[in-house]
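Chains D and U supply the protein sequences, listed in that same order.
Per this note's numbering, residue 4 is the first one in the first sequence, and the count goes up by one each step.
Per this note's numbering, residue 4 is the first one in the second sequence, and the count goes up by one each step.
Backbone N, C-alpha and C define an ideal beta-carbon position, used for all residues, glycine too.
This report refers to the structure that appears directly beneath it.
2 protein chains.
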Amino acid sequence: MGVNSDDPPVDTEEAIMRATYRALCNHGYANLTMQAIADEFDKTKGVLHYHYDTKQDLLVSFLEYLLSAFQENIAVDGADPAERLEALIETLLFGPPERGRFDHWELTTAMLEIRSEAPHNNEFRRQLSRNYETVEATVVAIVEAGIEQGIFRDVDPEQVATLLLASINGARIYQVTLERDDVAEVTRSSLDAILEHWLYCPDELDSGANADGTVGED
Amino acid sequence: MGVNSDDPPVDTEEAIMRATYRALCNHGYANLTMQAIADEFDKTKGVLHYHYDTKQDLLVSFLEYLLSAFQENIAVDGADPAERLEALIETLLFGPPERGRFDHWELTTAMLEIRSEAPHNNEFRRQLSRNYETVEATVVAIVEAGIEQGIFRDVDPEQVATLLLASINGARIYQVTLERDDVAEVTRSSLDAILEHWLYCPDELDSGANADGTVGED
């Protein structure tokens, strides 16, 4: 299981969320019944129903919970736009440098299953959209800062954000659904090549900015 | 429904596949029972069981059926690698120029639901992998031809293929799961920018090769 067993005691709602995560990982979305969740939980099914009127309500809270874990994970600091962008790509593709609440590939699988319900579920779609917009705004802000500082060319920040997020989303989904374990790695090297040719200013490239990520401010 | 109503009469297996597609579109994977499929079918549930021992067997055949429709769609002709690559991107993102057997976004949604089962299903994963490898080989062959003809730089064809396929997969999934209808369009413009900066040789760019897609052979 991806949840750390040495975590401190948790409240009931957190315990229900973790039980839902385990049930989802073990049984898949199609078999995610209230009973399957209760089986992963040290209290009765009645407690689930006390906290959530319907399975749908529980799953909406669960998606909020996953997305908040995700947003914690992608917080990247640092003043240098090139470093921040590379750290963000690394975290989105492979998970946070310090292990988060969940195993990265388990979380990717769980998110894929929830996502596959979104075409039929307005509430899921709304939450996923807000999440997307938050991450997109993060990338756009980094790219704008890089252009401002003369590190990046005058690219369209929205184009960069869309391509990064779509390729990372696609690569993570391939990674858990294909018999290939190199898709995320190859995607990272492709994104490195793209940043080099599309984003970084040639002068900065010549000074080795892309190789070690330590670009000086202009 | 995406299936053309003016198609000629079909055999029983084709009729079962179409019924499965309709049931999947109407009810989602989580509610895709043999009864739901039978309800979309003009014969009895017994006929389903006569052809397929289990729902699992039926779904394996259904995935083969979807992937074969997909492979028909991505067949691109033409001698010029730049044109072939752009036609392939267009078809993968938006569907074939002449309407195929299915509506493109319905097919994307159905494939997403099947894909979300793949982490738990070896047979689905195997089929999706073979499909991925076929499309990947198509992109690699186009890129190799472009390098050979001096139209493309000496890029790594596998990196190009992985990035194109991951970003298109991710963009299609965003398109059907977010409250945004522009992700596929913005991804196309991002891919145009990438091809321009990463792939096309500068000389060819200067001669307008990227703008009208009519690159002369060297």
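- DSSP, read as helix, strand or coil, puts residue 155(U) in strand.
- For residue 123(U), the chain D residues whose C-beta falls within less than 7 Å of its own C-beta are 31, listed in chain order.
- Contact between residue 40(D) and residue 26(D) holds, since their C-beta atoms are separated by about 5 Å, short of 8 Å.
- With a cutoff of 8 Å on beta-carbon distance, residue 119(U) and residue 67(D) are scored as not near each other.
- Under a criterion of Cβ atoms nearer than 7 Å, no residue of chain D is adjacent to residue 96(U); the nearest Cβ is some 10 Å distant.
- Setting aside the 5 residues that flank it on each side, residue 22(D) is surrounded in the same chain by 40, 43 and 44, each with a C-beta closer than 7 Å to its C-beta; the list follows chain order.
- Contact between residue 196(D) and residue 108(U) is ruled out by a C-beta separation of about 31 Å, above the 8 Å threshold.
- A residue is called buried once 16 or more other Cβ atoms fall within 10 Å of its Cβ, and residue 53(U), having fewer, is exposed.
- With 16 or more other Cβ atoms inside 10 Å of its own Cβ, residue 193(U) counts as buried.
- Interface annotation, residue 154(D): not in contact with chain U, CB-CB separation never under 8 Å.
- Of the candidates 158(U), 137(U) and 33(U), the residue whose Cα lies closest to the Cα of residue 147(U) is 158(U).
- One alpha carbon belongs to residue 83(U), the other to residue 162(U), and they sit about 20 Å apart.
- Assignment of residue 53(U) by DSSP, reduced to helix, strand and coil, places it in the helix class.
- Close partners of residue 138(U) in chain D (Cβ separation under 9 Å) are lacking, with about 11 Å as the shortest Cβ gap.
- For residue 166(U), the enclosing alpha helix (DSSP H) has its first and last residue at 160-180.
- A straight-line Cα-Cα distance of about 32 Å links residue 129(U) and residue 185(U).
- In the same chain as residue 164(D), and ignoring 5 residues on each side of it, the C-beta atoms closer than 6 Å to its own belong to 139, 142 and 143, in chain order.
- Judged by beta-carbon spacing, residue 127(D) lies beyond the 8 Å limit of residue 187(D), meaning their Cβ atoms are not closer than that value.
- The Cβ of residue 148(U) sits no closer than 8 Å to any Cβ of chain D.
- Contact annotation: residue 154(U) and residue 85(U) have beta-carbon atoms nearer than 8 Å.
- If you check the CB distance, residue 81(D) and residue 171(U) do not come in under 8 Å.
- Taking a Cβ-Cβ cut-off of 9 Å, residue 198(D) has no neighbours in chain U, whose nearest Cβ is about 10 Å from it.
- For residue 114(D), the CB contacts under 7 Å within the same chain, skipping 5 residues up- and downstream, are 69 in chain order.
- Cα atoms of residue 152(D) and residue 166(D): separation of roughly 22 Å, rounded to the nearest angstrom.
- A Cβ-Cβ distance of about 5 Å is found for the pair residue 145(U) and residue 88(U), placing them in contact under the 8 Å criterion.
- Considering only 51(D), 92(D), 78(D) and 181(D), the residue with the shortest C-alpha distance to residue 134(U) is 181(D).
- The residue from 106(U), 93(U) and 125(U) with its alpha-carbon nearest to that of residue 62(U) is 125(U).
- DSSP places residue 83(D) outside any alpha helix (DSSP H), giving it a letter other than H or E.
- Using a CB distance cut-off of 8 Å, residue 171(D) counts as an interface residue toward chain U.
- When 64(D), 205(D), 122(D) and 94(D) are compared, the shortest CA-CA separation from residue 24(D) is found for 64(D).
- With respect to chain U, the C-beta atom of residue 135(D) has a partner C-beta closer than 8 Å.
- Excluding its 5 nearest sequence neighbours in each direction, residue 16(D) has C-beta neighbours in its own chain below 8 Å: 54 and 64, listed in chain order.
- The shortest C-alpha to C-alpha distance from residue 46(U) to any of 14(U), 34(U) and 32(U) is the one to 14(U).
- Under the Cβ criterion of 8 Å, residue 177(D) is counted among the residues facing chain U.
- Shown here for residue 204(U): same chain residues with a beta carbon closer than 6 Å to its own, the five before and five after excluded, namely 156 in chain order.
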